[in-house]
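Laid out in C-alpha cells, this is it:
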C-alpha cells in the first residue's frame, strides 16, 4: 500500500482523461492519472482522428462554434500531429442539394478562423478529377476541408506533458474502490496490473473520465451515472485508396465516410446502441456489410480494395433516450455528484475527440472551485511536446542516410522530437534498421518510445509508433519488435514469447471479422511464421486469454 | 514441393514433363524443414481414442498411425486407399518412408542436402528460441551432439543490424526451456557479430548475408569474429541464423567448424528463409536433371475439357498466352499463399479450373464465409479450419465433385490444394506435399503411359 495526498485523481487515460490531467498539472494541482490499460486504448483508440468542425451537428450551432474554436486551439498546440484533408460529399440526388446548401452556409461562416476555404460546389468533372473512383453519375459535389489528428499521439502527448508538469501518470492501474467518508471522496484503491500489487492514493477530488465505463467507476463511490453506450465499427483498407475524404449517406440515411488515414483508409462508422462490455466487442458481419454497401453507391469499386482489419469502439453518449443516436447531442455534460451526496467526484458524459480540451477546462474549473483556489486554464495556449519548430525532412534524410519516407512518417508522429531519435542513431548506427516495413518504423524510434513513453506491450508500441498497422498486420515485425521490447525492459524468455502471442491476439481481433481476399493468404503466412515454424500454437506459455476471446 | 516432387517422379518415369509456375513457390518461402507429422489436428480426440500416443509424436510412424486411425480422409490416408483394409496403415507408412528416402537421395550433395529420417522426429531450435518437431532438415541446421552432453555450452551468434534474429531473446527463451525440461545444454550464451556485407551496419537481410557468405574467403572474418566469444565462454556449439550461404552453406559450416574447433549449426528461421530458397533451388535442379522443363512466369489460368478429359491447359505470362495439350495434368497450385484457393465473404473458390472446394470437414465450401471457419484465438492447438479447406480427391488424387465423380480422368492434384489437413498446426506441410506429390506424379505417369 502506498499513500500520497493528491489534489485530484483522474480516472481514465483517454482523450478526456489525459486532457484533464494536463490541465490540472498545468494549474499546479497535485495530480494522479490512473488508466486501467494503456493511454488511448479504448474509445479514442478506435476513432478516425477527425477533429471535426462539427459538420454533422448543424442543428446545434453552439456545439459547432465550440468544435470550430477547438480546432483552432489544437492547431495552435499540436500542429505537428495534425493533417488537413480535403473532403468531397458527392450528391447523387437533387433532393440532397438543399441540405448541402444549409451545411455550406453554416460551415462557411466559421471557415476563415480555421484557415480553410468556404464550402465549394463542384461540377461532376471537377470532383471526378480530384477523385476518379467516384460514381460518374454524381450531379454535384461539396468540397470542404477538415483537420485530422493522430489520436494516440494527442493522448500520449497530453499525458507526457502532464507528467512533465508534475503529474503522476500510471497506466495498467485499475481502480477497484473509491473510499467516501462523510459524503466526501477520500481515496482511491487500484490494482497495479504490472506489479500485481494493490495500491491506494488519498485525494481531495476525483475526475471520472472513464468513458464507456464511467458509470461503473461512479458506482464504486456509491454515485449514479446514466450513459447511453453506442458502438461504432470501422473497416480499414490497406492503403490510401482514395485521394481525399468522401462523405456520403448510408443505407439508412445516416452519414458515413471514407477517409485516407495515415497509410490506410478508414471506412466508418456504424452507430448502434450497445449493452456489451466494450472489451469484448468486435465488428459484426452486418456492420461490415452496412459500411461496404453504403459506400458502394458512391465508390463502386470499393470491394476491390483489400480489407486488412476492422475496429470497434464504444461512445459514451449523453443519456438522451427514445431518440435516434443521431439526435443525441454531441455536446457533453460535467456532472458534479455532490448533489447526490458524493462530494469531490466529478464525471463526464458525452463529448467528442475535438472537444476533449474544452471538457477538461470545464471540469478543471470546477475542481479549482472545489479546491478553493483561483487558477487559469492555459491548455489552449501552451504547445504540446514536439511543436517547437518545423523539421526539414529532406536535409536530415541526407544527413542520417534514412529514407525520406521513413523520416516523414516519423516527423508526422513526433515533430521536433525526431532529433532526439536521430541522436540515438548517431550512437548506434544499426538502429536505423527498419523493424516494421509497412509503416515504416525504425529501431531507434521503438527504443526511444520504450525508454520515454512507458509502453508495456507491443500493442502499446503500436499506439505510439504505428507498429504493425499496415497490410501485413504485424506478420513480419511482431517477433522483431518483441525482441527489442524484451531487451529494453529486460524481460524473461517467457515474457518475450507471451508478448508475441499477445500482439498476434490483438491484431487477430481486428483481422478476423472481415476475413476475405488477400488477407487469407496473409494469415496463412502469419500462421506459417508463428505456428508452423515458431510452434507457438502448441507450446505451453503463461498466455492469458483476452476478454473478447473468453466470450468468442 | 508437391509440384516439383510430382514433376520429377513423372520425368524420372520417362515422361515428357512441363512445369508451369507463376514465380517463387511457397516452398521457397518456407523454413526448409520437411515436417512429416508432429501434432494431431484434434488433440482431445487423440487423448480419448489413443491415450498412449505421446504428443508431439515421437516418430512419424506414431503420428501416421494416429492420423490414419482418427482421420482416414487426411491426405496421408488417401495414399493408402488402394490397399487392403488391414494393410492401409502399413502401405502409407511404406510410401512416406520411401518418399523420404527418395528426397534425401535426390538432394544429397546439393545446397539443400538433408539429415534425419523416418525413424524419429527431431526438434531443431527456431530463431524464437523454441523448438519444433520435424523429420528432415538441412545438414547445416542440425547438431546431433547438442543435447547429448550436460557440459555442452551453446552460443547463439547474431549479426548487428539483422533484425530477423535477436540472439539475446532467443538465448533467454531457449535457456528457460532447457531449465524447465532439465535437458542439456544448461549453459547458453549469446554474442552479436559485426559483419556488414554492404558496408552498412543496418537493414541487413538474411538473403544478403547468405549471398555474401557464398563468396570465397568469407568465412575467415566470420570465424575470427566468433572465435573470441567461443574462447571466452568455452563454447562447444555455436548456433547462427540460417544465412551461411545459398550454395556454399555446407562447405562454410565445415570450414567454420574446422577453424573454431566446435560444432556449428544453423537455426530454423521464420519465413521467408534462406533454407527454403535453397530447397526450391535444389528441387528445381533435380527436376531439370530428370529431364523436366520449367516454365517460370507462366500462370495456368484455365483448361479445355473434352468429355471426361482435360484436352489442354491455357497459361498466361505477361506477354503471351500458351496452350499446352498434355496427356495428364497435375494441379499443385497451393492454398491461399500459392494462389490455388481464393475466398471472399461469400465463399471459397478454386482459381485455375473452378473445381469444387471443400471445407476441412469435406462439405462444399463454395458458399461458406471464411470467418466462420476461424478460431477466436490467433494461435492455439485448434488452428483455423479455413486453412484446411481445399479439394476432395479420389483414391488416385483426382479431384472430385459433389457426387464423388472425378472432374477429369487425367487430372490429379497434390500438396496444399488438398483439403482436410492444416499443415501449420500439424507440422506436416512439406511432408504431405512430398508424399502426395510423388503419389499423384506416379498415378499421372501410369495413366500417361496407358493412354499412349
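Residue numbers (my numbering), protein chains in the order written: chain U, 192 to 743; chain V, 27 to 478. Ideal placement from N, C-alpha and C gives every residue a C-beta, glycine not left out.
Outcome for residue 699 of chain U when other beta-carbon atoms lying within 10 angstroms are tallied against a minimum of 16: Its Cβ being crowded by 16 or more others within 10 Å, residue 699 of chain U is buried.
Residue 380 of chain V at chain U interface by Cβ criterion, 7 angstroms: Interface annotation, residue 380 of chain V: not in contact with chain U, CB-CB separation never under 7 angstroms.
Exposed unless 16 or more other CB atoms sit within 10 angstroms - verdict on residue 192 of chain U: At residue 192 of chain U the pLDDT is 41, less than 50, meaning the model places this residue with poor confidence; the figure from the coordinates comes in the next sentence. With fewer than 16 other Cβ atoms within 10 Å, it is exposed.
C-alpha gap between residue 167 of chain V and residue 421 of chain V, whole angstroms: So the alpha carbons of these two residues sit roughly 36 angstroms apart.
Proximity test, Cβ basis, 7 angstroms: residue 404 of chain U and chain V: With 7 angstroms as the cut-off, residue 404 of chain U does not count as an interface residue toward chain V.
Given residue 193 of chain V as reference, the closest of V:152, V:310, V:204, V:115 once Cα atoms are compared: Of the listed residues, the one whose Cα sits closest to residue 193 of chain V is V:152.
Burial state of residue 174 of chain V (16 or more Cβ within 10 Å): By the beta-carbon neighbour count (other beta carbons within 10 angstroms, threshold 16), residue 174 of chain V is exposed.
is_contact[residue 189 of chain V, chain U] using C-beta, thresh 7 angstroms: Cβ-Cβ to chain U under 7 angstroms: yes for residue 189 of chain V.
8 angstroms Cβ cut-off: residues of chain U touching residue 410 of chain V: The answer, in chain order, is 714, 718.
Amino acids of chain V, ordered along the chain, whose beta-carbon sits closer than 9 angstroms to that of residue 704 of chain U: The answer, in chain order, is 397.
Cβ pair residue 370 of chain V, residue 500 of chain U closer than 7 angstroms: At least 7 angstroms separates the beta-carbon of residue 370 of chain V from that of residue 500 of chain U.
Where residue 423 of chain U sits in the DSSP three-state scheme: Residue state, collapsed to three classes: strand.
Residue closest to residue 235 of chain U, alpha-carbon to alpha-carbon, out of U:213, U:216, U:209: For the residues U:213, U:216, U:209, the minimum Cα distance to residue 235 of chain U belongs to U:209.
Same chain only: Cβ atoms within 7 angstroms of residue 229 of chain V, ignoring 5 sequence neighbours per side: Apart from the 5 residues on each side of it in sequence, residue 229 of chain V sits with its Cβ closer than 7 angstroms to the Cβ of 187 in its chain, given in chain order.
Beta-carbon proximity list for residue 595 of chain U, same chain, < 8 angstroms, skipping 5 on both sides: Cβ neighbours of residue 595 of chain U beyond the five flanking positions: 584, 585, 588.
Min CB distance residue 152 of chain V to chain U below 7 angstroms: Answer yes: the Cβ-Cβ gap between residue 152 of chain V and chain U drops below 7 angstroms somewhere.
Residue 534 of chain U vs residue 409 of chain U beta-carbon contact at 7 angstroms: Going by C-beta atoms, residue 534 of chain U is not nearer than 7 angstroms to residue 409 of chain U.
Residue-level contact to chain C via CB, residue 579 of chain U, 7 angstroms cutoff: The structure shown contains no chain C; the protein chains it does contain are U and V.
Assigned exposure category for residue 389 of chain V - 16 Cβ within 10 Å defines buried: By the neighbour-count definition (other C-beta atoms within 10 Å, threshold 16), residue 389 of chain V is an exposed residue.
Selection from V:416, V:89, V:212 that minimises the alpha carbon distance to residue 262 of chain V: If you compare the alpha carbons of V:416, V:89, V:212 with that of residue 262 of chain V, the shortest gap goes to V:212.
Beta-bridge partners of residue 372 of chain U, as assigned by DSSP: BP columns for residue 372 of chain U point to U:375.
Proximity test, residue 273 of chain V beta-carbon vs the ligand PLP heavy atom, cut-off 6 angstroms: Looking for the ligand PLP in the displayed structure turns up nothing, as the structure carries no ligands at all.
CB of residue 279 of chain U within 7 angstroms of CB of residue 318 of chain U, strictly: Residue 318 of chain U sits close to residue 279 of chain U, with the two beta carbons spaced by under 7 angstroms.
Cα-Cα separation between residue 338 of chain U and residue 164 of chain V, rounded to whole angstroms: Rounded to the nearest whole angstrom, the C-alpha separation of residue 338 of chain U and residue 164 of chain V is 56 angstroms.
Chain-order list of residues whose beta-carbon lies under 8 angstroms from that of residue 215 of chain V (same chain, five-residue window excluded): Taken in chain order, the residues that qualify are 179, 180, 181, 182, 197, 255, 259, 261.
CB of residue 201 of chain U within 7 angstroms of CB of residue 474 of chain U, strictly: Going by C-beta atoms, residue 201 of chain U is not nearer than 7 angstroms to residue 474 of chain U.
Interface partners of residue 155 of chain V on chain U, CB under 9 angstroms: Chain U residues near residue 155 of chain V: 684, 687, 688.
One or two residues paired with residue 263 of chain V in a DSSP bridge: DSSP lists V:180, V:289 as partners of residue 263 of chain V.
Status (buried if at least 16 other CB within 10 Å, exposed otherwise) for residue 162 of chain V: Counting Cβ neighbours within 10 Å, residue 162 of chain V comes out buried, since at least 16 surround it.
Contact the segment 205-224 of chain U vs the segment 565-585 of chain U: 3+ CB pairs below 8 angstroms: Under the 8 angstroms Cβ criterion, the segment 205-224 of chain U counts as touching the segment 565-585 of chain U, having at least three qualifying pairs.
Proximal chain V residues relative to residue 721 of chain U, where beta-carbon distance stays under 7 angstroms: Within 7 angstroms Cβ-Cβ: 405.
Beta-carbon spacing of residue 637 of chain U, residue 675 of chain U below 7 angstroms: Contact: yes.
Sequence-distant residues of its chain with Cβ nearer than 7 angstroms to residue 669 of chain U (five each side left out): Counting only Cβ-Cβ distances below 7 angstroms, and skipping sequence neighbours, we find 649, 659, 691, 694, 695.
Burial state of residue 404 of chain U, where buried means 16 or more other Cβ atoms lie within 10 Å: Here residue 404 of chain U is buried. Its C-beta has 16 or more other C-beta atoms within 10 Å.
CB-CB length for residue 604 of chain U against residue 344 of chain U, believed under 8 angstroms: About 6 angstroms separates the Cβ atoms of residue 604 of chain U and residue 344 of chain U, confirming a contact at the 8 angstroms cut-off.
Enclosing beta strand (DSSP E) for residue 397 of chain U [first to last residue]: Counting along the chain, the beta strand (DSSP E) containing residue 397 of chain U begins and ends at 388-399.
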